[in-house]
Amino acid sequence: MAFILNVTDVGQAHAMLEALPLGKANLMTFSLLPIGPLKPLGTLLNLPSPQ
């Protein structure tokens, strides 16, 4: 499973995941990979370009 979280740093993402029920119960392990802006997402969603 993959989550894309809109956060500014990995620590914030870690805190979010630890706050979930499976995180609180220590039943979830995860790896965090920082990624850049998803600019191509607008193309996939067919969003109008800003003018």
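Just so you know, numbering that gives the first Met the number 0 puts 29 at position 30 of the sequence shown, and the rest follows in order with no gaps. Every residue gets a Cβ at the ideal spot worked out from N, C-alpha and C, and that includes glycine. Since the structure is predicted, the reported quantities are computational estimates derived from the model, not experimental observations.
1) My output table needs one value for glycine 35: the three-state DSSP class, helix, strand or coil.
2) Could you check the C-alpha separation between isoleucine 34 and leucine 44 for me, to the nearest Å?
3) Pick out whichever of Leu37, Leu16, Asp8 has its Cα sitting closest to the Cα of alanine 24.
4) Using DSSP with H/G/I as helix, E/B as strand and the rest coil, what is threonine 42?
The short version:
1) Numbered from its first residue, the sequence shown carries residue 35 at position 36. Three-state DSSP puts glycine 35 in coil, outside helix and strand.
2) On the sequence shown, position 35 is the one that residue 34 refers to. On the sequence shown, position 45 is the one that residue 44 refers to. In a straight line, the C-alpha of isoleucine 34 is about 19 Å away from that of leucine 44.
3) As a working note, residue 24 is residue 25 in the sequence shown. Comparing Cα-Cα distances from alanine 24 to each of Leu37, Leu16, Asp8, the minimum goes to Leu16.
4) Locating residue 42 in the sequence shown gives position 43, counting from the first residue. Threonine 42 falls in the helix class under three-state DSSP.
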